[in-house]
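Data block below; observations after.
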Amino acid sequence: MLGPILFFVFAVLALVGALGMLIARNPVVSALWMVLNLFSIACLYLTLNAQFIALIQILVYAGAIMVLFLFVIMLLNLGEVPRLPAFDWRKGIAFLLGVGVLAQLLYVVALGLGVAPEMAAATEAEANGTAAAVGLVLFTEYAFALQIIAVLLLAATIGAVLLAKKRFV
Amino acid sequence: MEITLNWYLSLSAVLFVIGVLGVLLRRNAIIIFLSIELMLNAVNLTLVAFSQAFADVDGLVLVFFVMSVAAAEAAVGLAIVIALFRNKTTVNVNEINLFRG
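Residue numbers (this note's numbering), protein chains in the order written: chain W, 21 to 189; chain Z, 468 to 568.
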């Protein structure tokens, strides 16, 4: 049985990447841990037979977006943040809030333990995840949303150029 | 042992909470952005898991749109960070209080 092994390997890698991102004090190191996390999530998509989304994840997230992050971090020349004083009550509250959110989410997942649907047959899911299947729906049923996304990306590009220009603010 | 939908949902919940903790605990604006991306990814994992469990392609299309919006958000957000850094020479959100007068 290869499936569970792959899932656990990449789940652990994703968690390690996320925790490394949270803990690392140097922003560049944080971004590199995040790349590990994004890559393992792409592999988890592959275990779910969503090949197209997995490829887009690597191209767009691990490729484009993380390069943008690293570029900005290195452009601003951010060093390591100074070590904070040992304990801060605000951090304690933040941690408790996070644990509360986790408890709620896991409670909802546990509620679905009995009623959650069985995973669809692998062959069905595999046909579902190809670029052909996604593209067919994307360019017919969701064609209008696709155009809106194009306008949004154009607006974001113009906004980013304007904001990053000298003497904007 | 079979990997069911619940495994993916639990993993996604844990990743989401790590993102929440990153936003709440870290003071570096860029790390906060990374945490937001992590939360978006956790939600994407949920969408893909549900979509493949129901063999329904709509969830994958939604993930595609979420990724586009995340790319737009990252571009604008990082431009704002650059503009802030130019004015305040810091990315520590505790020291950025433009609205406090």
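Think of the CB as a built atom: it goes at the ideal place given N, C-alpha and C, for glycine as much as any other residue.
What does Ile549 (chain Z) touch in chain W if you count any residue whose Cβ is under 8 angstroms from its own?
-> Your numbering for residue 549 (chain Z) matches position 82 in the second sequence. Val92, Leu95, Leu96, Leu183 and Ala184, listed in chain order.
So, Val92 (chain W) versus Ile485 (chain Z), is the Cβ gap smaller than 8 angstroms?
-> Position 72 of the first sequence, counted from the start, is the residue given in the question as residue 92 (chain W). Position 18 of the second sequence, counted from the start, is the residue given in the question as residue 485 (chain Z). The Cβ atoms of Val92 (chain W) and Ile485 (chain Z) lie no closer than 8 angstroms to each other.
Is the CB of Val121 (chain W) under 8 angstroms away from at least one CB in chain Z?
-> Within the first sequence, numbered from 1, the residue matching residue 121 (chain W) stands at position 101. Chain Z, which has a Cβ nearer than 8 angstroms to the Cβ of Val121 (chain W), makes this yes.
Contained alpha helix (DSSP H) runs [length at least 4] in the stretch 55-123 of chain W, N- to C-terminal order | With a minimum length of 4 residues, the continuous alpha helix (DSSP H) runs that stay inside the stretch 55-123 of chain W are 71-76 and 86-96.
By the criterion of Cβ-Cβ separation under 7 angstroms, what are the contact partners of Phe159 (chain W) in chain Z?
-> As a position in the first sequence, residue 159 (chain W) is number 139, starting the count at 1. Contact of Phe159 (chain W) with chain Z by beta-carbon distance below 7 angstroms is absent, the smallest such distance being about 10 angstroms.
For Lys186 (chain W), the nearest candidate out of Z:Arg567, Z:Arg494, Z:Arg553 and Z:Glu469 (CA to CA) | Working through the first sequence from its first residue, we reach residue 186 (chain W) at position 166. For the set Z:Arg567, Z:Arg494, Z:Arg553 and Z:Glu469, the Cα lying nearest the Cα of Lys186 (chain W) is the one of Z:Arg553.
Is there a Cβ from chain W that is less than 8 angstroms from the Cβ of Glu562 (chain Z)?
-> Stepping through the second sequence from its first residue, residue 562 (chain Z) is reached at position 95. For Glu562 (chain Z), the nearest beta carbon of chain W is not closer than 8 angstroms to its own beta carbon.
Grab me the residues of Met54 (chain W)'s own chain with a C-beta within less than 7 angstroms of its C-beta, minus the 5 sequence neighbours each way, in chain order.
-> Numbered from 1 along the first sequence, position 34 holds the residue referred to as residue 54 (chain W). For Met54 (chain W), where only same-chain residues beyond five positions count, the Cβ hits under 7 angstroms are Gly37, Met41 and Met86.
CB contact flag (Val260 (chain W), Val524 (chain Z), <8 angstroms) | Lying before the first or after the last residue shown, residue 260 (chain W) is absent from chain W, which here runs from 21 to 189.
CB contact check: Met506 (chain Z) to chain W, cutoff 8 angstroms = Here residue 506 (chain Z) refers to the residue found at position 39 of the second sequence. So no, Met506 (chain Z) is outside the interface.
Spatial neighbours of Ser479 (chain Z) in its chain, beta-carbon cut-off 8 angstroms, leaving aside the 5 residues before and after | Taking the first residue of the second sequence as 1, we reach residue 479 (chain Z) at position 12. Here Ser479 (chain Z) has Ala509, Val510, Leu512, Thr513 and Ala516 as same chain residues with Cβ atoms under 8 angstroms from its own Cβ, once five neighbours each way along the sequence are excluded.
Quick one: list the residues of chain Z neighbouring Ser60 (chain W), beta-carbon separation under 8 angstroms, in chain order.
-> Residue numbering aside, residue 60 (chain W) sits at position 40 when the first sequence is read from its first letter. Neighbours of Ser60 (chain W) in chain Z, taken as residues whose beta carbon is under 8 angstroms from its own, are absent, since the nearest beta carbon is some 10 angstroms off.
So which residues on chain Z does Lys169 (chain W) lean against when the C-beta distance must stay under 9 angstroms?
-> Position 149 of the first sequence holds residue 169 (chain W). A small fix is needed here, since residue 169 (chain W) is Ile in this sequence, not Lys. Annotation: Cβ neighbours of Ile169 (chain W) in chain Z (cutoff 9 angstroms, chain order): Phe531, Phe532, Ser535, Val536 and Ala539.
Alpha carbon to alpha carbon, how far is Arg567 (chain Z) from Tyr475 (chain Z)? Give it in angstroms, no decimals.
-> Taking the second sequence and counting its residues from 1, the one referred to as residue 475 (chain Z) is at position 8. Taking the second sequence and counting its residues from 1, the one referred to as residue 567 (chain Z) is at position 100. Taking the straight line from one Cα to the other gives about 43 angstroms.
Test item: CB-CB of Leu501 (chain Z) and Ala114 (chain W) under 8 angstroms | Counting from 1 along the second sequence, the entry for residue 501 (chain Z) is found at position 34. Counting from 1 along the first sequence, the entry for residue 114 (chain W) is found at position 94. Their beta carbons are not under 8 angstroms apart, which means Leu501 (chain Z) does not touch Ala114 (chain W) by this criterion.
Cβ distance (whole Å) where Ala537 (chain Z) is taken to contact Leu183 (chain W) below 8 angstroms | Your numbering for residue 537 (chain Z) matches position 70 in the second sequence. Your numbering for residue 183 (chain W) matches position 163 in the first sequence. Ala537 (chain Z) to Leu183 (chain W), Cβ: 18 angstroms. No contact.
Given that Ala114 (chain W) touches chain Z, what residues does it touch there, using C-beta distances under 8 angstroms?
-> By 1-based counting over the first sequence, the position of residue 114 (chain W) is 94. Contact note: Ala114 (chain W) reaches chain Z through Leu488, Leu491 and Leu492, using a C-beta cutoff of 8 angstroms and chain order.
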